[in-house]
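Using the UniProt record's numbering, read the sequence shown as starting at 1 and increasing by one per residue.
Encoded as structure tokens, the structure appears first; notes follow it.
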Amino acid sequence: MPLTGHCLCKAVTYKVDVDAPLVTGYDHCDDCQRQTGSTYSLVAVVPKDKLTINGPVKTWTGTAASGNKVDRLFCSECGSPIAHDPSAAPEIIALKAGTLDTEIKKNLKPDTEIWTAGKLPFCQEHLAKPFKFMPE
């Protein structure tokens with residue numbers, strides 16, 4: 001069963017032709033905190049070549065703390081963040097897991113944390129595979 005999701009206003013929809021994300025994790029980088037307006041971004045990492053996005057998507061390109069470029073995709077109508085696309089890993093894209101369809105996101109099992117160097121001190125999640133920056 002493919003992964004499917006949409007933005008808040010449903011103008012942007014997407015489908016990923018995989019049964020499950022490659023990785024599901026908490027991204028604690030400062031950019032993700034700012035993009036989500038929260039303490040971290042829950043991401044579902046999928047193969048970029050399996051993703052199809054439909055609708056009015058805008059892209060903003062920034063430079064991450066690593067110095068690499070990151071494209072951030074969002075709905076041009078409601079502003080919902082859809083994904084971030086790191087140039088350092090061109091084969092994958094990190095979907096904002098909150099945009100997955102409800103029954104899919106209910107079954108996610110986060111298995112890692114990245115950019116724990118930016119983790120806010122009051123966040124208590126402790127997963128088995130934390131990475132201080134990106135996976136080493």
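Don't be surprised by glycine CBs; every beta carbon is placed ideally from N, CA and C.
In this text, all values refer to a predicted model and were calculated from it rather than measured experimentally.
- Note: G5 is bridge-paired with Y14, L100 in the DSSP secondary-structure output.
- Residue pairing for S41: DSSP places it in a beta bridge opposite D27.
- Segment contact: the region 109-125 against the region 73-86, fewer than three CB-CB distances shorter than 8 Å; contact not assigned.
- Judged by their CB atoms, T99 and C29 are not nearer to each other than the 8 Å cut-off.
- In the DSSP annotation of this structure, the continuous segment of the beta strand (DSSP E) that includes E113 starts and ends at 112-114.
- Separation of the CB atoms of A11 and G55 is rounded to 5 Å, and the pair is thereby assigned contact status at 8 Å.
- DSSP places C32 in the helix class (H, G or I) of the three-state scheme.
- At least 8 Å separates the beta-carbon of I114 from that of K48.
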